[in-house]
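The listed protein sequences correspond, in order, to chains A and B. Sequential numbering of the first sequence, starting at 95, is according to this note's numbering. Sequential numbering of the second sequence, starting at 95, is according to this note's numbering. Glycine included, C-beta positions come from ideal geometry on N, C-alpha and C. Since we're looking at a predicted model, the values are computed, not measured. Written out below as structure tokens is the structure these notes cover.
2 protein chains.
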Amino acid sequence: MNIEVCYTPQAYHLFHKQEAIVVVIDVFRATSAIVTAFYNGVSKMIPVATVEEAMEYQRNGYLAAAERNGEMIEGFELGNSPFGYMNNKVKGKTIAISTTNGTQAIEASRHASKILIGSFLNLDILCEYLTAQKKDVILVCAGWKNKFNLEDTIFAGAVVHKLINESGFQTTCDSAIASNHLYSLAKNDLYAFLSNSSHRNRLAKLDLERDIQYCLTPNQCPVIPVMAGKYLVKL
Amino acid sequence: MNIEVCYTPQAYHLFHKQEAIVVVIDVFRATSAIVTAFYNGVSKMIPVATVEEAMEYQRNGYLAAAERNGEMIEGFELGNSPFGYMNNKVKGKTIAISTTNGTQAIEASRHASKILIGSFLNLDILCEYLTAQKKDVILVCAGWKNKFNLEDTIFAGAVVHKLINESGFQTTCDSAIASNHLYSLAKNDLYAFLSNSSHRNRLAKLDLERDIQYCLTPNQCPVIPVMAGKYLVKL
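In structure tokens:
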């Protein structure tokens, strides 16, 4: 089994293979929020590319979440802070969600046969599932507006590291090799390693240090969200 | 002064700033060959995107070079092996050149106010020049068919490392930070670090180990090629 890493949604078409499993990664914070939501009993989510679509769902009685540039959009009940999804209000609900990068990465990989949601919060259970499938894996980093970002790359490196060292996966993909190297430098203190990264600083300015700490703490939410038609559901 | 790294030609539009200096990087082997050519007395080069354009120049009496997928194209006198440019045949000549990735990166950044050619072969003189200009710098990696590659990233990291540590440049660009980290892992043995990389293996299959060793040996050709209209000339 082969593992590759795609650093930005706009490059996904260069990696697409019909039979491969895609894992979408947006550590700060869309995929961390989605994993948290399912762990806290959300029934379904509907990732949509535009704020307008999320608003349309809201008008039709759904809970809806929308974030751009790190901030919740006015008029919505939820953004992409994982802490917004840790309450009884969301239990059993279907939530439409649109975010700056994460939902764009889901949209870019929509022709994949299987799309999973990954974050440090579900790292181990995700790797166990991928190991059991015995299929090629493409890790799709959401990045920041189609630029490379460090936090998604380091999480991709954590998955590459596990699948190559523990599960017999192989790679000839330079971005997978680089992700693995960067994870090796980061793993002893993810928080410190990311101290200069662009999005951590963007979030710190928005007073979101608590979110950052939470998103970098592995295995707090052992669930795997998966796309089923237009919905995300719990695998 | 700010330094950023763009990993693939297709992402250049996300980085473009009118006043910034662009350095195009294709370590294996286009920019290494170009730097070697100027060091060996070539007068001008004309980078062109397509093989057909290179052929047209050849028909009109120019020397022409064309490479795709690591191999010289039949009917041309030169490919992108630096060793092809180390002889009296090229001295004083104008050479049209089209390669798989390097000339595409030049094409992508054509609206930049200044485009320089970088490789390990001209690392120090390039950094000295960039330091003296006191302008923002964008390092554009040619990559491999718009995918990230390791060797261009490591060279970008070498430049980032020098300009930040020795010349007061700053960065908030995650790909610049990552390049710097990867260079720190690679710098003691570039050749060994790249032993698993995709393009090194592609070239090794083509029996080009001598080219690889040469392209990874810093400061053999202290010249800086620069775009002037449609031509590359010596700065």
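Short Cβ contact (8 angstroms threshold) for residue 114 of chain A with residue 231 of chain A: Their beta carbons are under 8 angstroms apart, which means residue 114 of chain A touches residue 231 of chain A by this criterion.
Alpha-carbon to alpha-carbon, residue 320 of chain B and residue 223 of chain A: Near 51 angstroms, if we compare the C-alpha coordinates of residue 320 of chain B and residue 223 of chain A.
Three-state class that DSSP yields for residue 142 of chain B in the structure shown: In the displayed model, residue 142 of chain B falls within coil according to three-state DSSP, outside both helix and strand.
Cα-Cα separation, residue 129 of chain B to residue 206 of chain A: Cα to Cα, the separation comes out at about 42 angstroms.
Chain B contact for residue 277 of chain A (CB, 8 angstroms cutoff): With respect to chain B, the C-beta atom of residue 277 of chain A has no partner C-beta closer than 8 angstroms.
Neighbourhood of residue 265 of chain B by C-beta distance below 6 angstroms, restricted to the same chain and skipping five residues each side: Taking residue 265 of chain B as the centre and dropping the five residues before and after it, the same chain places the C-beta of 97 closer than 6 angstroms to its C-beta, in chain order.
Limits of the alpha helix (DSSP H) - the one that residue 261 of chain B falls within: Start and end: 244-261.
Residue 188 of chain B vs residue 137 of chain B beta-carbon contact at 8 angstroms: Against a cut-off of 8 angstroms, the Cβ pair of residue 137 of chain B and residue 188 of chain B comes out as a contact.
Rounded separation between residue 110 of chain B and residue 210 of chain B - CA only: If you take the alpha carbons of residue 110 of chain B and residue 210 of chain B, they lie about 15 angstroms apart.
Buried/exposed call for residue 246 of chain B, threshold 16 Cβ in 10 Å: Buried is the call here.
Rounded Cβ spacing between residue 119 of chain B and residue 213 of chain B (contact assumed at less than 8 angstroms): Their Cβ separation, rounded to whole angstroms, is 7 angstroms, which keeps residue 119 of chain B and residue 213 of chain B in contact under 8 angstroms.
Residues that DSSP places opposite residue 192 of chain B in a beta bridge: The partner list for residue 192 of chain B (beta bridge, DSSP) reads B:160.
Option in B:220, B:278 and B:312 with minimal Cα separation from residue 255 of chain B: Closest in alpha carbon position to residue 255 of chain B, among B:220, B:278 and B:312, is B:278.
Residue nearest to residue 274 of chain A in terms of C-alpha spacing, selected from A:244, A:297, A:174 and A:122: Per the Cα distances, A:244.
Option in A:160, A:296 and A:291 with minimal Cα separation from residue 140 of chain A: Considering only alpha carbons, the answer is A:160.
Bridge-paired residues (DSSP) for residue 117 of chain B: BP columns for residue 117 of chain B point to B:210 and B:233.
Inter-residue Cα distance where the pair is residue 258 of chain A and residue 290 of chain B: Going by C-alpha positions, residue 258 of chain A is about 14 angstroms away from residue 290 of chain B.
Residue 106 of chain A versus residue 100 of chain A - alpha carbon distance: In this structure, the alpha-carbon of residue 106 of chain A lies about 6 angstroms from that of residue 100 of chain A.
Start and end residues, alpha helix (DSSP H) containing residue 108 of chain B: Per DSSP, residue 108 of chain B belongs to no alpha helix (DSSP H) and is neither H nor E.
Within chain B, partners of residue 235 of chain A - CB distance below 8 angstroms: Within chain B, no residue comes near residue 235 of chain A; the closest Cβ sits about 11 angstroms away, beyond 8 angstroms.
Cβ-based burial, residue 185 of chain A [other Cβ within 10 Å; buried from 16]: Per the 10 Å Cβ criterion, exposed.
Inter-residue spacing [alpha-carbon to alpha-carbon] between residue 95 of chain A and residue 121 of chain B: Rounded to the nearest angstrom, the two C-alpha atoms are 30 angstroms apart.
Residue-chain proximity (residue 406 of chain B, chain A), Cβ-Cβ < 8 angstroms: Outside the displayed range of chain B (95 to 329) lies residue 406 of chain B, so it cannot be described from this structure.
Within chain A, partners of residue 101 of chain B - CB distance below 8 angstroms: The contacting residues are 101 and 242.
Residue 286 of chain B versus B:153, B:306, B:216 and B:299, residue with shortest Cα-Cα distance: Of B:153, B:306, B:216 and B:299, the residue nearest in Cα terms is B:306.
Spatially closest choice to residue 153 of chain B from B:171, B:162, B:164 and B:166, by CA coordinates: If you compare the alpha carbons of B:171, B:162, B:164 and B:166 with that of residue 153 of chain B, the shortest gap goes to B:171.
Which of helix, strand or coil DSSP assigns to residue 88 of chain A: It is not possible to answer for residue 88 of chain A, since the shown part of chain A is limited to 95 through 329.
Residue 241 of chain A, buried or exposed, once every other Cβ within 10 Å from all chains shown has been counted against 16: Around the beta carbon of residue 241 of chain A, 16 or more other beta carbons lie within 10 angstroms, which makes this residue buried.
Three-state secondary structure (DSSP) of residue 303 of chain B: Residue state, collapsed to three classes: helix.
Among A:146, A:221, A:199 and A:155, nearest to residue 312 of chain A - alpha-carbon criterion: Ranking the options by Cα distance to residue 312 of chain A, first place goes to A:221.
Cutoff 8 angstroms: residue 291 of chain B Cβ touching any chain E Cβ: The structure shown has no chain E; the protein chains it does contain are A and B.
Inter-residue Cα distance where the pair is residue 144 of chain A and residue 235 of chain A: Rounded to the nearest angstrom, the gap between the Cα atoms of residue 144 of chain A and residue 235 of chain A is 19 angstroms.
Contact under 8 angstroms by Cβ, residue 233 of chain B with residue 317 of chain B: Contact flag unset, no.
Residue 194 of chain B versus residue 162 of chain B: straight-line alpha-carbon distance, rounded: Approximately 5 angstroms between the Cα atoms of the pair.
Backbone secondary structure at residue 314 of chain A - three-state DSSP: Here DSSP, grouped into helix, strand and coil, assigns residue 314 of chain A to coil.
Residue 221 of chain B at chain A interface by Cβ criterion, 8 angstroms: Output row for residue 221 of chain B: interface = no.
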